[in-house]
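Working notes for the structure below.
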Amino acid sequence: MVGSGLTLAAIAVAVLALAGAVVAAMAAARARRAVSDERSRADGLERRFGGLLSVGRDGVVVHTPAGRIVLVNDAAAVMLDVSARGAVGAGLGDLAVAWV
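All residue numbers for the sequence shown refer to the numbering used here, where the first residue is 21 and numbers rise by one.
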């Protein structure tokens, strides 16, 4: 009788562990799907934003709050006489322009 009680307890523990593993796997799959969806959304927004920046005539310089340049579109590069890629990472003060 004692042996069968231990066997039932062991089976119950195994079933609970398996159920926990299934729930964890489902949660991980849901999280991966959410990350994938957000990544797709961000990629689409980046493509649209990039398209707007490349065809616009306005010069755009995007920088961090600390003043580090993270993006210079082609129009701004021409206006500022800099390489768009070369300006990334520089400080705003490194550009030869009078900011207003």
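All C-beta atoms, glycine included, are put in the ideal place defined by N, C-alpha and C. The model shown is predicted, which means the values in this text are computed figures rather than measured ones.
If we ignore side chains and look at the alpha-carbon of each, how far apart do residue 53 and residue 35 end up? Counting from 1 along the sequence shown, the entry for residue 53 is found at position 33. Counting from 1 along the sequence shown, the entry for residue 35 is found at position 15. Going by the C-alpha atoms only, they are around 27 Å apart.
Given a cut-off of 9 Å on the beta-carbon distance, is the pair residue 107 and residue 81 in contact? As a position in the sequence shown, residue 107 is number 87, starting the count at 1. As a position in the sequence shown, residue 81 is number 61, starting the count at 1. Taking 9 Å as the Cβ cut-off, residue 107 and residue 81 qualify as a contacting pair.
Would you mind reading off the limits of the alpha helix (DSSP H) that contains residue 91? Walking along the sequence shown from the start, residue 91 turns up at place 71. Taken as a continuous stretch (DSSP letters only), residue 91 belongs to no alpha helix (DSSP H), being part of the beta strand (DSSP E) at 89 to 92.
Among the candidates 91, 46 and 26, whose CA atom is the shortest distance from the CA of residue 73? Translated into the one-based positions of the sequence shown, residue 73 becomes position 53. With distances taken between Cα atoms, residue 73 lies closest to 91.
Buried or exposed (CB count within 10 angstroms, at least 16 for buried), residue 121: No answer is possible for residue 121: it lies beyond the span of the chain, which begins at 21 and ends at 120.
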